[in-house]
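Going letter by letter, the sequence shown gives residues -22 to -1, 1 to 404 in mature numbering (1 follows the signal peptide of the UniProt record, and there is no 0).
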Amino acid sequence: MPVRWLSMLLASSLYATPAAWAAKNDPEKPKAALDEIHQRLESLKKELDSSKEAHAEAADALRKSEKAISDANRKLLELRQQQEKSHQALQALQKQKAAHEAELKQQQALLKQQFYQQYLHGKPSQAQVLLQQHDPNAAARQLHYFGYITQARKQLIEAASDNLEKVEALNAETSKALAELDELQAQQEKQRAELQQQKNQRDKLVKQLSSKISAQRNEINKLKRDEQRLTQLMEKLAKAAREQAAREKAAREKAQREAARGKSGQKAGTDNQAPSGKIIGRNEALPSNAFDGTSFASLKGKLNLPVRGEITNRFGSSRADTGISWKGLFIRASEGSEVKSVASGQVVFADWLRGFGNLIIVDHGSGYMSLYGNNQAVLKQVGDKVKGGDTIALVGNSGGNEQHGVYYELRHQSKPFDPLSWSIVK
């Protein structure tokens, strides 16, 4: 728009100046008009430079904020898991304590009964037993019986004392567990408050960034650079995967031939394209681990999409804002919904990437990879093993996206292919 405005201003100045020259014969007026154009042009250049600088600063602040939210969400999940373990440990301690208290109560009742019987009948001395019994054998048996009772009573007292110590120790452990649980709860509340504060800051940044770049959303070069960055990243990851999986060379070559045949079929079918943003389908089914252990190349036509939501574009269709072809799918979904891994594999990328926000990439072997972008948070780290159906991220709109959802791609040897041709949409 500034260039068009300058062109119109320059044209009007050139046509208007001769008339002014003929009427007033003032050679300074054309020069003044030209100087005014130059001044306006310099002013517009400075404004454009300032806008670009502000855009870069806002994008950097957005990246830091969204990464902080991702880390906070992951820590919050870890705290909840620790809290659950503390609850389980506390329940186990309470069961042990109840068992010892019941045993102690039984021992105390038995001691009480024995002391009561001794009080009623008294305890005869050995001399009394010998004098009262005329039969020496009977006297010996009675003395032995009294000794057995005394020993049993001693053992019972010792057992009762031991149980008392155990109950006291368990009481101390229970108190410690309760204190740890309280501390975990306090940490969780603090983490929740920090997360909310970060989210508020991030929402404010998103609005500021959206207003600044609204006039530049049709810049094709920016989107091409974003795609070039992702392609370069995928090429590096694919190269590393090939080096680590040399023994799968034959399988990869076979998969490449199948992908080449699939690519020619995709090219023939691109005439039937839905406009970007139009809902072309809705997905309700989620991935599972039913195919874990199966080669990814054999899963064509069996995969589920990673999230429940509305599919708003087709692979290969033109974007409404730039005309660039879609390399994957955008699935509009509720903020905070769980994003599932479509199959088993290993996380090879989990970080913020310009144009894609919080991005996570899973390597499924044989050169196949799946990408999940625009997340609110990534819940896995590089090197983590995942199963089909595992939760790996939460739905968001990171990367400057106006809608909440997941950008989803499938790639083989770093080249994208149509996810819908490999998926069952239910």
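The C-beta atom is built at its ideal place from N, Cα and C for all residues, glycine as well.
Legend entry - C-beta contact flag for N267 and G366 at 8 Å: Position 289 of the sequence shown, counted from the start, is the residue given in the question as residue 267. Position 388 of the sequence shown, counted from the start, is the residue given in the question as residue 366. In this structure, G366 lies closer than 8 Å to N267 by Cβ.
* What is the DSSP secondary structure of V360, reduced to helix, strand or coil? -> Within the sequence shown, numbered from 1, the residue matching residue 360 stands at position 382. V360: coil per DSSP, three-state reduction.
* Segment limits, beta strand (DSSP E) that includes V325 -> Position 347 of the sequence shown holds residue 325. From DSSP, the beta strand (DSSP E) with V325 extends over 323 to 331.
- Figure out for me which residue from S273, E262, S376, E31 has the closest Cα to the Cα of K182. Start at 1 with the first residue of the sequence shown, and residue 182 comes out as number 204. Ranking the options by Cα distance to K182, first place goes to S376.
Original post:
Just the Cα atoms here: how many angstroms apart are L281 and P397?
Top reply: Translated into positions along the sequence shown, residue 281 becomes position 303. Translated into positions along the sequence shown, residue 397 becomes position 419. Going by the C-alpha atoms only, they are around 9 Å apart.
What whole-angstrom Cβ distance do L134 and L82 have, given they're in contact under 8 Å? Within the sequence shown, residue 134 is the residue found at index 156, counting from 1. Within the sequence shown, residue 82 is the residue found at index 104, counting from 1. The Cβ separation is near 11 Å, so there is no contact.
Which whole-angstrom value is the C-beta distance of I370 and S319, which I expect to be below 8 Å? In the sequence shown, the residue the question calls residue 370 occupies position 392. In the sequence shown, the residue the question calls residue 319 occupies position 341. Right, the Cβ-Cβ distance comes to about 5 Å (below 8 Å), so this counts as a contact.
Given this structure, state the Cα-to-Cα distance separating S399 from S312, to the nearest angstrom. As a working note, residue 399 is residue 421 in the sequence shown. As a working note, residue 312 is residue 334 in the sequence shown. The straight-line gap separating the alpha-carbon atoms of S399 and S312 is approximately 25 Å.
- request: Taking E316 as the reference, give the member of I339, D270, S273, P265 with the closest Cα.
  value: As a working note, residue 316 is residue 338 in the sequence shown. Measuring from the Cα of E316, the nearest candidate turns out to be P265.
Could you check what DSSP says for residue 406 in three-state terms: helix, strand or coil?
-> One cannot answer for residue 406 here, as it falls past the ends of the chain, which runs -22 to 404.
Please work out which residues of its chain come closer than 6 Å, Cβ to Cβ, to S48, disregarding the five sequence neighbours upstream and downstream, and give them in chain order. As a working mapping, residue 48 is identified with position 70 in the sequence shown. Answer for S48: N336, A355, V356, listed in chain order.
Margin query: With a threshold of 8 Å on Cβ separation, who are the neighbours of S303 within its own chain once the five nearest residues in sequence on each side are excluded?
Written below: By one-based count along the sequence shown, residue 303 stands at place 325. Closer than 8 Å at Cβ, skipping near neighbours: G294, S295, S296, R297.
With DSSP as the reference, label A147 as helix, strand or coil. In the sequence shown, residue 147 corresponds to position 169, counting from 1. Here A147 carries a helix assignment [DSSP, helix/strand/coil].
How should H65 be labelled, buried or exposed, when 16 other C-beta atoms within 10 angstroms of its C-beta is the threshold for buried? Start at 1 with the first residue of the sequence shown, and residue 65 comes out as number 87. Classification for H65: exposed.
Worksheet item: In angstroms, rounded to a whole number, what distance separates the CA positions of N353 and L40?
Response: As a working note, residue 353 is residue 375 in the sequence shown. As a working note, residue 40 is residue 62 in the sequence shown. Near 13 Å, if we compare the C-alpha coordinates of L40 and N353.
Where do the ends of the beta strand (DSSP E) carrying P394 lie?
Residue mapping note: residue 394 aligns to position 416 of the sequence shown, counting from 1. Where P394 is concerned, the enclosing beta strand (DSSP E) stretches over 393 to 395.
Note the first and the last residue of the continuous beta strand (DSSP E) segment covering L283. Within the sequence shown, residue 283 is the residue found at index 305, counting from 1. Neither: L283 is in no beta strand (DSSP E) and is coded neither H nor E.
### Query
Expressed to the nearest angstrom, what Euclidean distance is found between the alpha-carbon atoms of F334 and Q381?
Taking the first residue of the sequence shown as position 1, residue 334 is located at position 356. Taking the first residue of the sequence shown as position 1, residue 381 is located at position 403. Cα to Cα, F334 sits roughly 13 Å from Q381.
By a C-beta neighbour count over all protein chains shown, 10 Å radius and 16 as the cutoff for buried, is R58 buried or exposed? The count along the sequence shown starts at 1 and reaches residue 58 at position 80. With fewer than 16 other Cβ atoms within 10 Å, it is exposed.
Give the C-beta separation of Q61 and Q166 to the nearest angstrom, bearing in mind that I take them to be a contact with Cβ-Cβ under 8 Å.
What you label residue 61 is simply residue 83 of the sequence shown in a count that begins at 1. What you label residue 166 is simply residue 188 of the sequence shown in a count that begins at 1. The Cβ separation is near 7 Å, so the contact holds.
- Message: Any beta carbon of chain D sitting closer than 8 Å to that of E380?
- Response: Checking the listed chains, one finds no chain D in this structure; it contains a single protein chain.
query: The beta strand (DSSP E) with L398 in it runs from where to where?
result: Reading the sequence shown from its first residue, position 420 is the one you call residue 398. In the DSSP assignment, L398 falls outside any beta strand (DSSP E) and carries neither an H nor an E.
- Keeping to the same chain, check which residues put their C-beta closer than 7 Å to that of G259; ignore five residues upstream and five downstream. Numbered from its first residue, the sequence shown carries residue 259 at position 281. Here the set comprises I289, V403.
Identify the continuous beta strand (DSSP E) that holds H342 and give its terminal residues. Position 364 of the sequence shown, counted from the start, is the residue given in the question as residue 342. Following the DSSP letters along the chain, one finds H342 inside the beta strand (DSSP E) bounded by residues 335 to 343.
Is the distance from the Cβ of residue 415 to the Cβ of N51 below 8 Å? Because the chain spans -22 through 404 in this model, residue 415 falls outside it and cannot be assessed.
Fill in: Reduced DSSP category for Q354 - H, G, I as helix; E, B as strand; rest coil
Against the sequence shown, residue 354 aligns to sequence position 376. In the structure shown, Q354 sits in a strand (DSSP, three-state: E or B).
Between the C-alpha atoms of D329 and G351, what's the straight-line distance to the nearest angstrom? Here residue 329 is taken as the residue at index 351 of the sequence shown, counted from 1. Here residue 351 is taken as the residue at index 373 of the sequence shown, counted from 1. Between D329 and G351, the C-alpha separation is close to 10 Å.
Residues in the same chain with beta-carbon distance under 8 Å from V145, minus the five sequence neighbours each way, listed in chain order, please. Translated into the one-based positions of the sequence shown, residue 145 becomes position 167. Contacts found: K75, H78, E79, L82.
Exercise. Could you work out which residue in S43, K154, E56, K42 is closest to A67 when comparing CA atoms only?
Key: Within the sequence shown, residue 67 is the residue found at index 89, counting from 1. If you compare the alpha carbons of S43, K154, E56, K42 with that of A67, the shortest gap goes to K154.
Exercise for the section: Report all residues from its chain with a CB closer than 8 Å to the CB of P394; omit the five preceding and five following residues, and keep chain order. Expected result: By one-based count along the sequence shown, residue 394 stands at place 416. The answer, listed in chain order, is F293, K305, G306, E387, L388.
*asked:* Is L54 a contact residue of the ligand MN, with contact defined as CB to any heavy atom under 7 Å?
replied: With respect to small molecules bound, the structure shown includes none, and the ligand MN cannot be examined in it.
- Message: Taking the beta carbon of K358 as the centre, do at least 16 other beta carbons fall within 10 Å, making it buried, or is it exposed?
- Response: Locating residue 358 in the sequence shown gives position 380, counting from the first residue. Buried: at least 16 other Cβ atoms inside 10 Å.
request  = Drop a sphere of 10 angstroms on the beta-carbon of A156, count the other beta-carbons inside from all chains shown, and report buried for 16 or more, exposed for fewer.
outcome  = One-based indexing of the sequence shown puts residue 156 at position 178. According to the sequence shown, residue 156 is Leu rather than Ala. Flag for L156 reads exposed.
Closest to A36 by C-alpha separation, out of G378, Q391, I257, L372, would be which residue?
Your numbering for residue 36 matches position 58 in the sequence shown. Ranked by how close their Cα comes to the Cα of A36, the residues G378, Q391, I257, L372 have G378 in first place.
| What residues are listed by DSSP as bridge partners for I258? | Taking the sequence shown and counting its residues from 1, the one referred to as residue 258 is at position 280. DSSP, once it has assigned bridges, lists no residue as partnering I258.
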